[in-house]
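A.B. asks: Going by numbering that gives the first Met the number 0, 124 is the number at position 125 of the sequence shown; the sequence numbering is gapless.
Attaching a single structure in structure tokens format; questions to follow.
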Amino acid sequence: MDLSYVVNTKDSPVPVVVTTGNTPIVAPCLSKSSTVNAPLTLTIPGVYRKNLYTALVEVTIIGASTSNIVGVEILDGTISRWKEFIKSGSPDGTKLSILVPMPIKINLGSDMIIKVDAGGTGVITVLNVVYYEQDGAQVARNYVINGDFSDGITSFTTYGFSSVVSNNVCKLTTTTNPSNYPRIYQTTPIDVASNVVLFVRCKATVINKAVLGMGLSITGTVSGALSGPGASKPVVTGQEYTIYGNIAVSNTTGIGVTGDLVGFVQLRFSLSFLDETGQLDPVGVEVDIKELTLVNLTDAYGIGNEPSAEYFNTKYPDWWDGILYE
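Next comes the structure, spelled out in structure tokens:
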């Protein structure tokens, strides 16, 4: 599906011509103005369970400094579905056009809320939002940024590992005898309180030494953890495993320091070495990892309609970046 669009950014709010496939449609524009130094919000009503595309968020700013950070957030009730932060540039009369080329599905309330903050002393005097609805296409977003390691380990954090990336494969080597599991992880914008089902997947191969286990899990940025899918045991050296599964996430489930998940969802890949007889040698273990995926199935299919991990993995076996269209 071709979701290219032509955006008209004249001073007055106007509809936008959006091309989906070969069919042009006219996307409506909502506008709101203010003279108050506070976040400005605009509500798009009646969009529960719809695939809504916010094609353009356009703002005019006065009284800002060149270092001000403009924040744009799309909310489903109180849950954030998308955020973008950019510098405002010129202090007065600045006009910014922010493209949002992704679907936002509202599952918690009936309205989508656009919230924009000029930051500092800046005032959003005009907020234009252009949006349209796309029917008939099942959409899934891979929340992992750089999941094919095409940009090294940008957006990832490692603990107990060194890393070398080649041909879209990240080779991790354990560097010490860590007190916790060696791991590589990435933070997503998904709030742990959003009560969603997440599909997670990666491919991993242990190269040179025995490990007890390896797998994916979900942690909160503040505290808490949820175990996830792992490779079948015993883990065979040199064998590539496709590790996948569904994890139901809320802030009232999990294991960890507090017992509850708190913060935002982190996807973590880790190794384990402890077994019944003691501890396997954890230093210098090499593991290749690639094609990390995290999909919010609740966003894609709706509450209560999330497919099984087996179904989703079979239907979409290949890795993709960003948005997947049927």
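Positions of the beta carbon are idealized from the N, C-alpha and C atoms, including for glycine.
In this text, all values refer to a predicted model and were calculated from it rather than measured experimentally.
Should N331 go down as buried or exposed, given a rule of 16 or more other Cβ atoms within 10 Å for buried?
C.D. replies: Outside the shown range of the chain, which is 0 to 325, sits residue 331, and nothing can be said about it.
A.B. asks: L225 to S216, Cα distance in whole Å?
C.D. replies: One-based indexing of the sequence shown puts residue 225 at position 226. One-based indexing of the sequence shown puts residue 216 at position 217. So the two alpha carbons sit approximately 6 Å from each other.
A.B. asks: Would you tell me roughly how many angstroms separate the C-alpha atoms of T77 and M111, rounded to the nearest one?
C.D. replies: Locating residue 77 in the sequence shown gives position 78, counting from the first residue. Locating residue 111 in the sequence shown gives position 112, counting from the first residue. When rounded, the distance between both Cα atoms is 10 Å.
A.B. asks: Consult DSSP for N304 and reduce its assignment to one of helix, strand or coil.
C.D. replies: Counted from its first residue, the sequence shown places residue 304 at position 305. Reduced to three states, the DSSP call for N304 is coil.
A.B. asks: Given this structure, state the Cα-to-Cα distance separating Y4 from A203, to the nearest angstrom.
C.D. replies: For the purposes of this step, residue 4 is identified with residue 5 of the sequence shown, where counting begins at 1. For the purposes of this step, residue 203 is identified with residue 204 of the sequence shown, where counting begins at 1. Note that Y4 has pLDDT 34, beneath the 50 cutoff, so the model's placement of it is unreliable and the number below is only indicative. Distance between the alpha carbons of Y4 and A203 is about 38 Å.
A.B. asks: What does the alpha-carbon distance come out to for the pair I242 and V35?
C.D. replies: Looking up residue 242 in the sequence shown gives position 243. Looking up residue 35 in the sequence shown gives position 36. Rounded to the nearest angstrom, the two C-alpha atoms are 51 Å apart.
A.B. asks: Which of the three DSSP states, helix, strand or coil, is assigned to A224?
C.D. replies: For the purposes of this step, residue 224 is taken as residue 225 along the sequence shown, with counting starting at 1. Looking at A224 - three-state DSSP - the assignment turns out to be strand.
A.B. asks: Could you spell out where the beta strand (DSSP E) holding V234 opens and where it closes?
C.D. replies: Taking the sequence shown and counting its residues from 1, the one referred to as residue 234 is at position 235. Careful: V234 lies outside any beta strand (DSSP E) and carries neither H nor E.
A.B. asks: In three-state DSSP terms, what is S193?
C.D. replies: Looking up residue 193 in the sequence shown gives position 194. Note: S193 maps to helix in three-state DSSP.
A.B. asks: Taking the alpha carbon of V199 as the point to measure from, which residue in G229, A192, G219, G223 has its own alpha carbon closest?
C.D. replies: Here residue 199 is taken as the residue at index 200 of the sequence shown, counted from 1. Considering only alpha carbons, the answer is G229.
A.B. asks: Take the Cβ of I302 as the centre, count every other Cβ of all protein chains shown within 10 Å, and call the residue buried at 16 or more, exposed below.
C.D. replies: What you label residue 302 is simply residue 303 of the sequence shown in a count that begins at 1. The residue in question, I302, is exposed, as its Cβ has fewer than 16 Cβ neighbours within 10 Å.
A.B. asks: Could you check whether Y158 and F266 sit closer than 9 Å to each other, using their CB atoms as the reference points?
C.D. replies: As a first step, residue 266 must be located in the sequence shown, where it is residue number 267. As a first step, residue 158 must be located in the sequence shown, where it is residue number 159. Going by the sequence as given, residue 266 is Leu instead of Phe. No; because the gap between Cβ atoms is not below 9 Å, this pair is not in contact.
A.B. asks: Considering only residues of the same chain and omitting the five flanking positions on each side of V128, which have a CB-CB separation below 6 Å?
C.D. replies: Looking up residue 128 in the sequence shown gives position 129. Hits under 6 Å: L29, L41, V56, I113.
A.B. asks: Just to check my reading of the structure: V264 and I189 have Cβ atoms closer than 8 Å, yes? What is that Cβ distance to the nearest angstrom?
C.D. replies: Taking the first residue of the sequence shown as position 1, residue 264 is located at position 265. Taking the first residue of the sequence shown as position 1, residue 189 is located at position 190. With a Cβ gap of about 4 Å, V264 and I189 count as contacting.
A.B. asks: Can you name, in chain order, every residue of its own chain whose Cβ lies under 6 Å from the Cβ of L296, other than the five neighbours on each side?
C.D. replies: Along the sequence shown, one-based indexing puts residue 296 at 297. Hits under 6 Å: V196, F198, E305.
A.B. asks: When we look at the beta-carbon of K314 and count the other beta-carbons within 10 Å, is it buried (16 or more) or exposed?
C.D. replies: Your numbering for residue 314 matches position 315 in the sequence shown. Answer is exposed; the Cβ neighbour count stays below 16.
A.B. asks: Taking V168 as the reference, which of V261, G151, V46 has the closest Cα?
C.D. replies: The residue you call residue 168 lines up with position 169 of the sequence shown. Among V261, G151, V46, the Cα nearest to that of V168 is on G151.
A.B. asks: For the stretch 142 to 178, which segments carrying the alpha helix (DSSP H) assignment without a break, of at least 4 residues, lie completely within its bounds, in sequence order?
C.D. replies: You should have found no qualifying run.
A.B. asks: Can you tell me where the beta strand (DSSP E) with V71 in it begins and where it stops?
C.D. replies: If you number the sequence shown from 1, residue 71 lands on position 72. Its beta strand (DSSP E) spans residues 68 to 75.
A.B. asks: Just grab the DSSP bridge partners of N127 for me.
C.D. replies: The sequence position of residue 127 within the sequence shown is 128, counting from 1. S30, E57.
A.B. asks: When the Cα atoms are used, what is the spatial distance from S269 to N207?
C.D. replies: By 1-based counting over the sequence shown, the position of residue 269 is 270. By 1-based counting over the sequence shown, the position of residue 207 is 208. The straight-line gap from Cα to Cα measures roughly 16 Å.
A.B. asks: DSSP state of Y184, grouped into three classes?
C.D. replies: Position 185 of the sequence shown holds residue 184. Y184: strand per DSSP, three-state reduction.
A.B. asks: Is A37 buried or exposed, if buried means 16 or more other CB atoms sit within 10 Å of its CB?
C.D. replies: Start at 1 with the first residue of the sequence shown, and residue 37 comes out as number 38. A37 comes out exposed.
A.B. asks: According to DSSP, which residues form a beta bridge with I246?
C.D. replies: Residue 246 sits at position 247 when you count from the first residue of the sequence shown. DSSP output for I246 lists L197 as bridge partner(s).
A.B. asks: For the beta strand (DSSP E) holding D116, just list the boundary residues, first then last.
C.D. replies: Position 117 of the sequence shown, counted from the start, is the residue given in the question as residue 116. Run containing D116: 111 to 116, per the beta strand (DSSP E) assignment.
A.B. asks: Using 10 angstroms around the beta-carbon of K232, count the other beta-carbons present and answer buried if the total reaches 16, otherwise exposed.
C.D. replies: In the sequence shown, residue 232 corresponds to position 233, counting from 1. Exposed, because fewer than 16 other Cβ atoms sit within 10 Å of the Cβ of K232.
A.B. asks: What is the DSSP secondary structure of D298, reduced to helix, strand or coil?
C.D. replies: In the sequence shown, the residue the question calls residue 298 occupies position 299. Residue state, collapsed to three classes: helix.
A.B. asks: For Y310, count the other beta carbons within 10 Å of its own beta carbon; 16 or more makes it buried, fewer makes it exposed. Which is it?
C.D. replies: In the sequence shown, the residue the question calls residue 310 occupies position 311. Classification for Y310: exposed.
A.B. asks: Taking C-alpha atoms, which residue in S33, S249, T173, V46 lies nearest to A192?
C.D. replies: Numbered from 1 along the sequence shown, position 193 holds the residue referred to as residue 192. For A192, the nearest C-alpha among the options comes from S249.
A.B. asks: Among the candidates V125, N245, T172, whose CA atom is the shortest distance from the CA of S32?
C.D. replies: Numbered from its first residue, the sequence shown carries residue 32 at position 33. Answer by Cα proximity: V125.
A.B. asks: Quick check on the burial criterion: 16 or more other C-beta atoms within 10 angstroms. Buried or exposed for D298?
C.D. replies: As a first step, residue 298 is located in the sequence shown; it is residue number 299 there, counting from the start. Counting Cβ neighbours within 10 Å, D298 comes out buried, since at least 16 surround it.
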